[in-house]
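Asks: Position 60 of the sequence shown, counting from 1, maps to 59 under numbering that gives the first Met the number 0, and the rest follow consecutively. Beta carbons: idealized from backbone N, C-alpha and C, even for Gly. Nothing here was measured: the structure is a model prediction, and the numbers come from that model.
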Amino acid sequence: MAIVINLDVMLAKRKMQSKELAEKIGITTVNLSILKTGKAKGIRFETLEAICKVLDCQPGDILEYKK
Numbered sequence: 000m001a002i003v004i005n006l007d008v009m010l011a012k013r014k015m016q017s018k019e020l021a022e023k024i025g026i027t028t029v030n031l032s033i034l035k036t037g038k039a040k041g042i043r044f045e046t047l048e049a050i051c052k053v054l055d056c057q058p059g060d061i062l063e064y065k066k
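1. Once the 5 residues before and after K53 are set aside, which same chain residues still bring their CB inside 7 Å of it?
2. Assuming K65 and V8 are in contact, meaning their beta carbons sit under 8 Å apart, how far apart are those beta carbons, in whole angstroms?
3. Helix, strand or coil: how does DSSP classify I2 here?
4. By the three-class DSSP mapping on this structure, what secondary structure does K12 have?
5. By DSSP, does K38 sit in helix, in strand, or in coil?
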């Protein structure tokens with residue numbers, strides 16, 4: 000079981016680079032990379048909310064549960 004982060008998909012749909020997203024949500028590109036690769040153990044709701052606001056999407060567009 001795993002939670003998959005589909006952040007690359009949303010970034011591509013919005014034609015946005017990781018660096019730009021990181022700047023807009025106030026986290027480092029290193030932390031965003033950790034999140035994108037699925038190496039993060041968790042995500043703050045505050046960060047998830049900021050990502051959704053900038054990318055104009057829902058949490059379910061980014062997070063996916065796979066068995």
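Replies: Based on what the coordinates show:
1. Note that residue 53 is Val in the sequence shown, not Lys. For V53, where only same-chain residues beyond five positions count, the Cβ hits under 7 Å are L20, K23, I24.
2. 14 Å between Cβ atoms; not a contact.
3. In the structure shown, I2 falls within a strand segment according to DSSP collapsed to helix, strand and coil.
4. Helix at K12.
5. Three-state result, K38: coil.
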